[in-house]
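Residue numbering for the sequence shown follows the working numbering, starting at -1 and increasing by one per position. Input: a single structure, listed below in structure tokens.
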Amino acid sequence: KNAYGSLCFESGVHRVQRVPTTESGGRIHTSAVTVAVLPEAEDTDIQINDNDLKIDVYRSSGPGGQSVNTTDSAVRITHLPTNTVVICQDEKSQLKNKAKALRVLKARLFEMEEKKKQEERAGLRKSQIGSGDRSERIRTYNFPQNRLTDHRINLTLYKLDLVMQGDIDEIIEALQINARQEHLQEA
């Protein structure tokens, strides 16, 4: 539960310093990885307010003989907030055309909403990982010294082995406290 609330502070560049098993000279190699932590996307159930719709009915055009020319069975629905227009004249029944047009409109609005969310997520991800340059590091994992340093809050722990096995509560709590303090200072 609340994985995002606990792990949202992990976004950024993590620097790893280690001596690879293939390194015969014992030199420390430095690598960097960028991490982005995003909340899970929620399903969007599109609710359309009837007041946001302009519904026009008119006579169909095209093939279909006398029945399409004599009844107002074609439907044009305009979603006023987005100016999205859907026209349906496939069926002989106005009710069926209206129902079909509403389904198409909901699908289009859902697609627009999803595209907007994807753009927001892409922007959020880009802001979290920055350029990915090593100088933007938020944390360093130094394996030879068994040391972890979080550069944002100047926290250094000499228990990297335990952290790598999942003992990260101390780091998360320190970051959450720091975030609360920053939030209070801004208020």
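Even glycine gets a Cβ: it sits at the ideal position worked out from N, Cα and C.
Kindly indicate which three-state DSSP category residue i falls into: helix, strand or coil?
| i | result |
| --- | --- |
| residue 2 | helix |
| residue 75 | strand |
| residue 34 | coil |
| residue 25 | coil |
| residue 47 | coil |
| residue 152 | coil |
| residue 95 | helix |
What residue does the alpha helix (DSSP H) around residue i start on, and which one ends it?
| i | result |
| --- | --- |
| residue 15 | Segment 10 to 16 is the beta strand (DSSP E) holding residue 15; no alpha helix (DSSP H) there. |
| residue 172 | 167 to 184 |
| residue 88 | Run containing residue 88: none; DSSP gives neither H nor E here. |
| residue 159 | 158 to 161 |
Who are the Cβ neighbours of residue i in its own chain at under 8 Å, not counting the five residues just before and after it?
| i | result |
| --- | --- |
| residue 157 | 144, 146, 165 |
| residue 27 | 15, 16, 17, 18, 21 |
Can you give the Cα-Cα distance for residue i and residue j, rounded to whole angstroms?
| i | j | result |
| --- | --- | --- |
| residue 30 | residue 101 | 48 Å |
| residue 177 | residue 54 | 53 Å |
| residue 175 | residue 8 | 15 Å |
| residue 10 | residue 70 | 59 Å |
| residue 169 | residue 114 | 34 Å |
| residue 183 | residue 121 | 26 Å |
| residue 172 | residue 152 | 10 Å |
| residue 82 | residue 74 | 10 Å |
| residue 34 | residue 155 | 23 Å |
From what residue to what residue does the beta strand (DSSP E) around residue i run?
| i | result |
| --- | --- |
| residue 54 | 51 to 56 |
| residue 19 | Unbroken run through residue 19: none, as it is neither H nor E. |
| residue 226 | Coverage of the chain is limited to positions -1 through 185, which leaves residue 226 absent and any answer about it impossible. |
Could you tell me whether the Cβ atoms of residue i and residue j are closer together than 9 Å?
| i | j | result |
| --- | --- | --- |
| residue 88 | residue 96 | no |
| residue 44 | residue 118 | no |
| residue 46 | residue 94 | no |
| residue 12 | residue 135 | yes |
| residue 84 | residue 106 | yes |
Taking 7 Å as the limit between beta carbons, can you name the residues of its chain near residue i, skipping five residues before and five after?
| i | result |
| --- | --- |
| residue 50 | 77, 78, 79 |
| residue 4 | 170 |
Apart from the five residues on each side of it in sequence, which residues of its chain come closer than 6 Å, Cβ to Cβ, to residue i?
| i | result |
| --- | --- |
| residue 37 | 2 |
| residue 161 | 146 |
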